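First comes the structure, then the notes that go with it.
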Amino acid sequence: MPGDFTRITPQALVRDHTVYSCVMGSRAFGLATEESDTDRRGVFLAPTPAQWAFAKPPTHVEGPAPEQFSWELERFCELALRGNPNILECLHSPLVEHADATGRELLALRGAFLSRRAYDTFTRYALSQRRKLEADVRQRGAPRWKHAMHLLRLLAVCRDLLRTGELVLDVGDGRERLLAVRRGEVAWAEVEAWMARLGEEAEAALPSSPLPAEPDRARVEDFLFRTRLRSALDALSREGGPFRAGGFFQAGGFFQAGAYDDVVERVVHRPGDGLG
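Here it is as structure tokens:
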């Protein structure tokens, strides 16, 4: 194996191999206050040779900075295809801090992850959070108001996504009303009714939603294949052997490094592979 990729630490994966990072949480939602933390989320690309080792790189890394969490690209795409609300929202953060060429391609692909599956995944997650709030009311006499605020926001995002086909994080004009919920200024009964109404509106939007029934898995797999292949070619070109700095040998000739993309395209779109 070229290089000892098995020795890359989780911290180094985030530091040196991040392709996309953004700010999430209240700051991305337009709900930040003076006390709000800065939550950072990211996607790193583990070098392809590391994926070929027996000791696989981690699928996610917490840190190294406070309130920071990152996923390996393949795991991130897998969760996004499943309609995971937290992952889908990461792709639509208005506060992007870093995106290299791979990260920009991932962002350009974000529509491929959206589908009507979002109704099930968002509402299932919302139901689990609702049950926690109801348990708080029974045990403590009141819900955790910050969690109630974020649940209302999530339900509104789901409804609007189904109506428009677009995932928008910033709450816009809804900020003050939601912050009133956070401060405990809105009665729980009113909050419950609000949640129920948003759920009903999301369900009503589902049959006529502009979203496709399923995400575009083929496009995502094509992206992952090309990205992994480029990573392998890059790693091999640095190590010498049949691959050398500046280019690599193939039967019948020598190819410059600038031909990488052409090689990737020929492999990905080879006849009969079902990807072209």
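The opening residue of the sequence shown carries number 8 in the numbering used here; numbering runs sequentially from there.
No residue lacks a Cβ here, since even glycine has one placed at the ideal position from N, Cα and C.
Computed from a predicted structure; not experimentally measured.
- Under the three-pair Cβ rule at 8 Å, the stretch 181-193 does not count as touching the stretch 94-113.
- Cα atoms of L134 and T234: separation of roughly 36 Å, rounded to the nearest angstrom.
- The C-alpha of F83 is placed about 27 Å away from the C-alpha of A155.
- If you keep only unbroken beta strand (DSSP E) runs of at least 3 residues inside the stretch 57-140, you get 67-69, 75-79 and 103-106.
- DSSP, reduced to helix, strand and coil, places G181 within a helical segment of the structure shown.
- Excluding residues up to 5 positions away in sequence, P17 lie with their Cβ nearer than 6 Å to the Cβ of P65 in the same chain.
- Under the Cβ criterion (8 Å, minimum of three pairs), the stretch 119-127 counts as touching the stretch 207-218.
- Counting C-beta pairs closer than 8 Å gives three or more between the stretch 77-97 and the stretch 46-61, which meets the contact rule.
- According to the DSSP assignment, S215 belongs to no beta strand (DSSP E), since it is labelled neither H nor E.
- The C-beta separation of R226 from L116 comes to about 6 Å, placing the pair in contact by the 8 Å criterion.
- Per DSSP, reduced to three states, the secondary structure at G49 is strand.
- Counting only residues of its own chain and dropping the five nearest sequence neighbours on each side, L102 has a CB closer than 7 Å to the CB of C29, V30, R34 and A35.
- Shown here, S238 sits in a helix according to DSSP, grouped into three states.
- Residue pairing by DSSP puts M31 in a beta bridge opposite D46.
- Listed as beta-bridge partners of T25 by DSSP are F51.
- Of the other Cβ atoms in all chains shown, 16 or more fall within 10 Å of the Cβ of F230; this residue is therefore buried.
- Remark: C-beta atoms of V175 and D167 approach each other more closely than 8 Å.
- Of the residues assessed, H67 falls on the exposed side of the cut-off, its CB having fewer than 16 other CB atoms within 10 angstroms.
- The C-beta distance from F61 to L95 rounds to 33 Å, too long to meet the 8 Å contact threshold.
- For V164 and L114, the gap between their C-alpha atoms comes out near 19 Å.
- Cβ contact annotation for V144 (same chain, cutoff 7 Å, sequence separation greater than five): P150 and W195, in chain order.
- Closest in alpha carbon position to E112, among D241, A239, A242 and F232, is F232.
- As the crow flies, the alpha-carbon of V188 is around 21 Å from that of A209.
- Distances from the CA of K153 to each of L162, L140 and Q146 were compared; the closest alpha carbon is that of L140.
- Counted as a single uninterrupted DSSP element, the alpha helix (DSSP H) harbouring R166 occupies residues W152 to T171.
- One Cα belongs to T55, the other to L213, and the distance between them is close to 39 Å.
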